[in-house]
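Using my numbering, the first residue of the sequence shown is number 0, and each one after it goes up by one.
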Amino acid sequence: MTTAVVITGGDPVPNVALSGLLPVDFVVAADSGLDHALRLELTPDLVVGDFDSVSESAMSRFQGPVERHPVAKDATDLELALRKAVERRPDRIVVLGGHGGRLDHFLANALVLITVPDSIAVEWRAGPAIIHVVRHAVDLKGRIGDMVSLVPVGGDAVGVRTEGLRWPLADATLASGSTLGVSNTFAATEARVEVSEGTLLVIIPGGTDRRPTPADEPED
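And the structure:
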């Protein structure tokens, strides 16, 4: 499986975001994502953006190719970087960063992920959260009690089926705007989500969103 990594701006990317990811086939940094990449000792193959937020230190250290865009442009730096990753035709794209800061940026980052062709698996590691774009199926791993939410985007998600979650779905329709799939939890350490039509964002929030289960409770 070939993997392209896109590193974007926002809050610092934790080292754990690289867990199980390396080695990768192509790395592109979007603007201040270059700062995050260099801190993680992950050298980009390309840096793109308008460079209104990257540090001078990072730009001076980076000796690779740079694609510069005007500040007044019609796409965010992340979207530009995603386009470059898609051009490589990888099997999957993993986005690092892009969380924290402005809410409008965060929402735009989430929605731009669904513009990637459905032949490419897309995963977003945003701080403690992991978000999968699901148009067919995805296999998940977590701890029993970890939260997982299914959010339809771009229209209804039809024929949704789940395994390994506390509240299973069987050929369900999650209407656009529905919260039916929010705040489910892992009932096992492995789970699966399938959808026949439409697109889901499958979100494992991580962090403090985990709720204890009976297995976690201390014995008397």
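Backbone N, C-alpha and C define an ideal beta-carbon position, used for all residues, glycine too.
Range of the contiguous alpha helix (DSSP H) that encloses residue i
{"i": "ARG82", "result": "76-86"}
{"i": "GLU196", "result": "Element bounds for GLU196: not the alpha helix (DSSP H) but the beta strand (DSSP E), 196-203."}
Residue i classed as buried or exposed, judged by whether at least 16 other C-beta atoms fall within 10 angstroms
{"i": "ASN108", "result": "buried"}
{"i": "GLU216", "result": "With a pLDDT of 37 at GLU216, under the threshold of 50, the predicted position of this residue should be treated as unreliable, though the coordinate-derived value follows. Looking at its Cβ environment, which holds fewer than 16 other Cβ atoms inside 10 Å, GLU216 is exposed."}
{"i": "GLY19", "result": "exposed"}
{"i": "PRO43", "result": "buried"}
{"i": "ARG134", "result": "buried"}
{"i": "GLY141", "result": "buried"}
{"i": "ASP34", "result": "buried"}
{"i": "PRO167", "result": "exposed"}
{"i": "ALA169", "result": "exposed"}
{"i": "PRO22", "result": "exposed"}
{"i": "THR178", "result": "exposed"}
{"i": "LEU106", "result": "exposed"}
{"i": "GLY197", "result": "buried"}
{"i": "THR207", "result": "Any reading at THR207 needs caution, since the residue's pLDDT is 42, under 50, leaving its predicted position unreliable; the model's value is listed next. By the neighbour-count rule (16 or more Cβ atoms within 10 Å), THR207 is not buried but exposed."}
{"i": "THR7", "result": "buried"}
{"i": "THR2", "result": "buried"}
{"i": "GLY180", "result": "buried"}
{"i": "ASN116", "result": "Residue identity check: residue 116 is Pro in the sequence provided, not Asn. Exposed: under 16 other Cβ atoms inside 10 Å."}
Chain D within 8 Å of residue i, Cβ atoms only
{"i": "ALA156", "result": "In the structure shown, chain D cannot be found, because there is only a single protein chain."}
Where the beta strand (DSSP E) containing residue i begins and where it ends
{"i": "ARG191", "result": "189-193"}
{"i": "LEU95", "result": "91-95"}
{"i": "VAL70", "result": "That residue, VAL70, is in no beta strand (DSSP E); it is neither H nor E in DSSP."}
Paired residues, beta bridge with residue i - DSSP
{"i": "ALA171", "result": "VAL159"}
{"i": "THR2", "result": "ARG91"}
{"i": "PRO151", "result": "LEU199"}
{"i": "ASN183", "result": "VAL147"}
beta-carbon residue i near the ligand SAH non-hydrogen atom, thresh 7 Å
{"i": "VAL4", "result": "For the ligand SAH, the structure offers nothing, since it holds no ligand at all."}
* Is it true that the region 119-129 meets the region 180-193, where meeting means three or more beta-carbon pairs spaced less than 8 Å apart? -> Cβ pair count under 8 Å is below three, so no.
* To do: Take every Cβ of the region 72-80, pair it with every Cβ of the region 40-48, and state whether three or more of those distances are shorter than 8 Å.
  => Taking 8 Å as the limit for Cβ pairs, the verdict is that the region 40-48 does touch the region 72-80.
* To do: Please list the segments of the beta strand (DSSP E) lying wholly inside the region 110-147, counting only runs of 3 or more residues, in order along the chain.
  => If we require 3 residues or more, the beta strand (DSSP E) runs fully inside the region 110-147 come out as 120-125, 128-133, 136-140.
* So, do the region 134-149 and the region 24-38 have three or more beta carbon pairs nearer to each other than 8 Å? -> No, because fewer than three Cβ pairs between the region 134-149 and the region 24-38 fall closer than 8 Å, the two stretches do not touch.
* Asked: Is it true that the region 153-164 meets the region 88-105, where meeting means three or more beta-carbon pairs spaced less than 8 Å apart?
  -> Segment contact: the region 153-164 against the region 88-105, fewer than three CB-CB distances shorter than 8 Å; contact not assigned.
* Counting only runs that start and end within the region 6-55, where is the beta strand (DSSP E) found for 3 or more residues in a row? -> List check, beta strand (DSSP E) in window: 25-29, 45-48.
* How about the region 62-75 and the region 86-93: do they share at least three Cβ pairs that are nearer than 8 Å? -> Judged by Cβ distances under 8 Å, the region 62-75 makes no contact with the region 86-93, as fewer than three pairs qualify.
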